[in-house]
Every structure is written in C-alpha cells, then in structure tokens.
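Here the sequence shown is numbered in this note's numbering, starting from 203 and rising by one per residue. So the structure is just underneath, and the comments pick up after that.
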Amino acid sequence: MANHLGSPLSRLVRERAYRAGDLKVVEQQEAAAREKIKAAVSALRAIREHRRGIEEKLKTLDAEIVKRAAFDAALIRPIRACPRLGPFRYGEFRAEMIKTLKEAARPVTTRQVVMAMVRAFGMPFAIPAEREATRRRVVETLRTLARRGAIQRLHDTSKNAEGLWLWEGL
Numbered sequence: 203m204a205n206h207l208g209s210p211l212s213r214l215v216r217e218r219a220y221r222a223g224d225l226k227v228v229e230q231q232e233a234a235a236r237e238k239i240k241a242a243v244s245a246l247r248a249i250r251e252h253r254r255g256i257e258e259k260l261k262t263l264d265a266e267i268v269k270r271a272a273f274d275a276a277l278i279r280p281i282r283a284c285p286r287l288g289p290f291r292y293g294e295f296r297a298e299m300i301k302t303l304k305e306a307a308r309p310v311t312t313r314q315v316v317m318a319m320v321r322a323f324g325m326p327f328a329i330p331a332e333r334e335a336t337r338r339r340v341v342e343t344l345r346t347l348a349r350r351g352a353i354q355r356l357h358d359t360s361k362n363a364e365g366l367w368l369w370e371g372l
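Written out as structure tokens, the structure is:
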C-alpha cells in the first residue's frame with residue numbers, strides 16, 4: 203500500500219487521529235463524572251433533609267424530657283442502631299448449619315461446613331479475602347454452638363489443627 207502523504211505527515215495524521223479518539227473518551231468520562239456529581243448532590247440534599255428531621259425530633263424530645271425531669275438531655279449517651287449485616291433472615295444461617303451438622307452421621311470438618319454454607323447461601327468464595335470472611339463467619343457460629351453445648355469440638359485447639367465438629371443436640 204502506497205503512502206501518498208509521506209512518512210512525517212502520515213505520523214502527524216495518525217497522531218491527530220489518536221488524540222481525537224482520546225478526546226472522545228475524555229468527553230465520555232466527563233459526562234459520566236457530571237452524572238455522578240448530580241447523583242451525589244441529590245443524595246447530599248436527601249441526607250441533609252433527613253438530618254434536619256432528626257434534629258427537629260431531638261429538639262421536641264429534649265423539650266419533653268425537660269418538662270418531665272430537670273436534667274440536661276444532652277447528657278444522654280447516643281445509641282446508634284446497627285442492623286445485622288448480611289443477606290440472611292434472623293437465625294437462618296445458624297439453622298442451616300445445624301441442619302448440616304445433624305445430617306452428618308459423623309464428625310464434620312470446618313472446611314466441609316464452610317462449603318455447605320457456600321452452596322446453601324451462595325456466599326462469596328472467589329478470592330482469598332472472601333474465603334477468609336466466609337470461614338470466619340462459619341467458625342464464629344460453630345464456636346458459639348460449642349459454647350452452648352450443641353456441638354462438640356473434637357480437634358486440639360492448641361495445635362491449630364483443622365476443626366472437627368460433632369453434633370450433640372440442644
């Protein structure tokens with residue numbers, strides 16, 4: 203294929219084409235950033251409105267407290283509601299784990315329980331951080347059940363051996 207423009211001019215034309223393509227990409231990124239800013243501003247407005255409502259409610263509660271008792275309502279320690287995290291209904295995770303332990307007629311390893319929970323709930327297990335988080339959640343529940351006497355811990359905890367658990371019953 204013949205180059206009718208010549209090498210130096212051809213390079214300039216190609217460079218210009220690349221920069222024009224870069225400009226299109228940057229314009230798209232800019233538009234996306236503007237949309238994110240609009241969404242963030244909208245979210246900030248909603249949060250501020252919610253905050254105003256809470257502050258008004260606090261003022262009315264403080265006034266009511268002062269009417270009934272003579273002390274500073276600001277001394278009341280704030281409590282933050284912490285909802286349970288995770289996609290499970292209350293007791294669902296533990297119930298599935300108990301079912302898994304009951305169905306096994308023999309001792310079950312921690313790894314087997316973890317894999318049963320992953321299959322039952324589709325818990326994240328793709329990367330090491332997800333595997334560790336899932337394993338910790340399972341182990342915490344197993345330890346709680348062991349403290350309550352529902353399962354027996356058969357492994358030696360001092361040697362950091364793999365967990366071995368046996369259902370005893372509640």
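Beta carbons are placed, not taken as given, at the ideal position from N, Cα and C, and that holds for glycine.
If you run the structure through DSSP and keep just helix, strand and coil, what is residue i?
{"i": "I353", "result": "strand"}
{"i": "L372", "result": "coil"}
Please check the pair residue i and residue j, which I expect to be a contact at CB under 8 Å, by giving their CB distance rounded to whole angstroms.
{"i": "L344", "j": "I353", "result": "7 Å"}
{"i": "M325", "j": "V315", "result": "Between V315 and M325 the Cβ distance is about 12 Å, and since that is not below 8 Å, they are no contact."}
{"i": "V340", "j": "T312", "result": "7 Å"}
Smallest Cα separation from residue i: which of the options?
{"i": "T336", "options": "R321, R349, L347 and R350", "result": "R321"}
{"i": "L260", "options": "S244, V243 and R279", "result": "R279"}
{"i": "F295", "options": "E251, V310 and M319", "result": "M319"}
{"i": "E364", "options": "G371, P309 and F327", "result": "P309"}
Applying the criterion that 16 or more other CB atoms from any shown protein chain within 10 Å of the CB defines a buried residue, is residue i buried or exposed?
{"i": "L303", "result": "buried"}
{"i": "L356", "result": "exposed"}
{"i": "L347", "result": "buried"}
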